[in-house]
C-alpha cells in the first residue's frame, strides 16, 4: 500500500519561508508524476503544484512565482519550497500522485502550515 509522509510545516510570519518534504513508499517512484495539495481551514483540498516524471512542473496560479516543487528520485521524496508566505497560505499540506491516481490513493496526515504574525 502506498504511503505518504509529509513534514516540515510550522508557524511562520507573513513573508517567511518553509520547505516541506514528502517521503513516498512507492515502487518505481521515478515514473510517477507527484503533487502537493493543501486544504485551508473550512475549505476543500486543492492542488498546489505538480512535477512530472521528467521534472516538468506546473503550479496553481495562487502560488506561481512563490513556491517551487522538486523531487529526489533516489530518496523517493518530493519537496515544496514556499517563499513569500501569506496568511491565505495557511492550510494542511499533503502530497500524493499528481494526477487521477490521487483519487485512488490513500492520503497521509499532512503537515500544518500556519502563516500569522
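In this note's numbering, the protein residues as written are 1020 to 1136.
Just so it is clear, CB atoms sit at the ideal spot from N, CA and C, and this is done for glycine as well.
Considering only their Cβ atoms, is the gap separating residue j from residue i smaller than 8 Å?
i            : j            : result
residue 1025 : residue 1133 : no
residue 1102 : residue 1085 : yes
residue 1121 : residue 1028 : no
residue 1010 : residue 1117 : The structure shown has nothing for residue 1010, since the chain only spans 1020 to 1136.
residue 1076 : residue 1042 : no
residue 1112 : residue 1066 : no
residue 1037 : residue 1104 : yes
residue 1022 : residue 1127 : yes
residue 1033 : residue 1110 : no
Going by alpha carbons, who is nearest to residue i out of the options?
i            : options             : result
residue 1094 : 1031, 1114 and 1049 : 1049
residue 1072 : 1079, 1081 and 1092 : 1092
residue 1062 : 1022, 1108 and 1136 : 1108
residue 1098 : 1035, 1064 and 1068 : 1068
residue 1051 : 1100, 1080 and 1074 : 1074
Just curious, the beta strand (DSSP E) that residue i is in, first and last residue?
i            : result
residue 1112 : 1110-1116
residue 1029 : 1029-1031
residue 1107 : No beta strand (DSSP E) contains residue 1107, which DSSP labels as neither H nor E.
residue 1131 : 1130-1134
residue 1021 : Counting along the chain, residue 1021 falls outside any beta strand (DSSP E), and DSSP gives it neither H nor E.
residue 1099 : 1096-1101
Scan the segment 1038-1094 and note each continuous beta strand (DSSP E) run of 3 residues or more that stays entirely inside, going in chain order. 1053-1058, 1065-1070, 1076-1078 and 1086-1091
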